[in-house]
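Trainee: Below is one structure. I have some questions about it.
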Amino acid sequence: MGILKNGIMGNYRGRIGNLVFYVLNGKTVVRTIGKTTKPPTELQLKCRQEMSVVSSFLKHITEFINVGFNLMAKYNNKHPFNMALSYNRKYALQGRYPDIGVNFKKVLVTEGSVLNAIDPFIESIPEGLKFSWSCPDSLNWSRPNDNVMLLAYFPVLQKAEYVLYGAKRSAGSDILSLPADLLNEYMEVYISFVAEDRRGIANSTYLGSFND
Numbered sequence: 001m002g003i004l005k006n007g008i009m010g011n012y013r014g015r016i017g018n019l020v021f022y023v024l025n026g027k028t029v030v031r032t033i034g035k036t037t038k039p040p041t042e043l044q045l046k047c048r049q050e051m052s053v054v055s056s057f058l059k060h061i062t063e064f065i066n067v068g069f070n071l072m073a074k075y076n077n078k079h080p081f082n083m084a085l086s087y088n089r090k091y092a093l094q095g096r097y098p099d100i101g102v103n104f105k106k107v108l109v110t111e112g113s114v115l116n117a118i119d120p121f122i123e124s125i126p127e128g129l130k131f132s133w134s135c136p137d138s139l140n141w142s143r144p145n146d147n148v149m150l151l152a153y154f155p156v157l158q159k160a161e162y163v164l165y166g167a168k169r170s171a172g173s174d175i176l177s178l179p180a181d182l183l184n185e186y187m188e189v190y191i192s193f194v195a196e197d198r199r200g201i202a203n204s205t206y207l208g209s210f211n212d
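With full-length UniProt numbering applied, the sequence shown has no gaps in its numbers, which climb one by one up to 212 at the end.
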């Protein structure tokens with residue numbers, strides 16, 4: 001441990017590399033942080049696996065997440081990916097360490113307060129997936145102009161196909177085109193809506209799995 005008397009760092013507090021600066025009895029103190037030799041606890045290993053499992057999933061849909069959690073991230077002064085990571089780590093995992101995995105039924109890929117899909121329905125067609133939903137005449141005047149967001153995630157292949165700004169809600173349906181080699185692969189599917197002015201978004205709705 002060393003003591004700096006108004007040296008080049010002045011009254012700096014914080015960490016630079018493996019050096020930590022702090023004030024003790026009016027003097028700036030610096031100490032080094034060594035690498036721990038203690039083996040990680042089971043709780044630490046559990047936390048690491050949770051982070052790894054969720055991050056590995058989300059990194060394949062980063063562009064989708066950046067839209068889906070953008071508004072909540074701005075409200076909380078955080079990054080969209082971190083918001084998605086925090087939510088899904090807390091609510092969308094299953095199993096016990098060391099066998100922790102994603103519970104796709106509980107995953108959110110968008111988060112907000114806009115009206116979500118009404119009576120959503122999905123079917124496989126030669127071009128990919130056809131999504132359908134209801135759009136009652138009684139909806140708020142602005143809601144028919146919401147754009148649909150579509151996502152199909154392929155857990156085994158660790159890839160995704162999606163549409164960020166699709167058909168308007170008033171259209172009642174849209175198609176997520178899929179490459180021919182993905183049509184028969186196991187996939188988890190979601191739908192959401194984002195406001196036309198991008199100032200609102202819905203909680204995503206899980207529509208189930210195909211080919212599992």
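Here a beta-carbon is modelled for each residue, glycine too, at the ideal position from N, C-alpha and C.
Give the list of continuous beta strand (DSSP E) stretches no shorter than 3 residues that lie fully inside the stretch 169-211.
Mentor: 173-177, 187-194, 205-210
Trainee: Determine the closest residue to alanine 135 out of Asp146, Ile175, Lys90, with distance taken between C-alpha atoms.
Mentor: Here the question's residue 135 lines up with position 135 in the sequence shown. The question names alanine, but residue 135 in the sequence shown is cysteine. Ranking Asp146, Ile175, Lys90 by Cα distance to cysteine 135 puts Asp146 first.
Trainee: Measuring straight from C-alpha to C-alpha, what distance separates tyrosine 190 and asparagine 184?
Mentor: By 1-based counting over the sequence shown, the position of residue 190 is 190. By 1-based counting over the sequence shown, the position of residue 184 is 184. In a straight line, the C-alpha of tyrosine 190 is about 17 Å away from that of asparagine 184.
Trainee: Using CA atoms only, rank isn't needed, just tell me which of Tyr75, Leu129, Glu50 is closest to glycine 95.
Mentor: By 1-based counting over the sequence shown, the position of residue 95 is 95. Cα-wise, what sits closest to glycine 95 is Glu50.
Trainee: Which runs of the beta strand (DSSP E) at least 3 residues long sit entirely within the stretch 101-158? Give them in chain order.
Mentor: 118-125, 128-134, 147-154
Trainee: Expressed to the nearest angstrom, what Euclidean distance is found between the alpha-carbon atoms of tyrosine 162 and leucine 151?
Mentor: Position 162 of the sequence shown holds residue 162. Position 151 of the sequence shown holds residue 151. Each residue's alpha carbon lies about 4 Å from the other.
Trainee: So, are the CB atoms of serine 192 and asparagine 116 less than 8 Å apart?
Mentor: Translated into positions along the sequence shown, residue 192 becomes position 192. Translated into positions along the sequence shown, residue 116 becomes position 116. Cβ atoms of serine 192 and asparagine 116: closer than 8 Å.
Trainee: Return the first residue and the last residue of the beta strand (DSSP E) that residue 213 is part of.
Mentor: Within the shown structure, residues of the chain are numbered from 1 to 212, placing residue 213 beyond reach of any answer.
Trainee: So what's lysine 35 in DSSP terms, helix, strand or just coil?
Mentor: As a working note, residue 35 is residue 35 in the sequence shown. The answer is coil: DSSP assigns lysine 35 none of H, G, I, E or B.
Trainee: Per the contact definition of three or more C-beta pairs closer than 8 Å, is the stretch 99-118 in contact with the stretch 200-209?
Mentor: A contact exists between the stretch 200-209 and the stretch 99-118.
Trainee: Ignore the nearest five residues each way along the sequence and tell me which others in methionine 9's own chain have a CB closer than 8 Å to its CB.
Mentor: Position 9 of the sequence shown holds residue 9. Its pLDDT being 47, under 50, methionine 9 is placed unreliably in this model, and the coordinates cannot settle the point.
Trainee: Does leucine 4 come out as helix, strand or coil in the three-state DSSP assignment?
Mentor: Position 4 of the sequence shown, counted from the first residue, corresponds to residue 4. Any reading at leucine 4 must be qualified, since the residue scores a pLDDT of 49, below 50, and its modelled position is unreliable; no value is offered.
Trainee: Are the beta-carbon atoms of leucine 24 and leucine 58 separated by less than 8 Å?
Mentor: Taking the first residue of the sequence shown as 1, we reach residue 24 at position 24. Taking the first residue of the sequence shown as 1, we reach residue 58 at position 58. Not in contact: leucine 24 and leucine 58 (Cβ atoms no closer than 8 Å).
Trainee: Could you tell me whether the Cβ atoms of valine 114 and isoleucine 61 are closer together than 8 Å?
Mentor: Within the sequence shown, residue 114 is the residue found at index 114, counting from 1. Within the sequence shown, residue 61 is the residue found at index 61, counting from 1. No.
Trainee: Keeping to the same chain, check which residues put their C-beta closer than 8 Å to that of valine 53; ignore five residues upstream and five downstream.
Mentor: The residue you call residue 53 lines up with position 53 of the sequence shown. Leu93, Ile100, Gly101, Val102, listed in sequence order.
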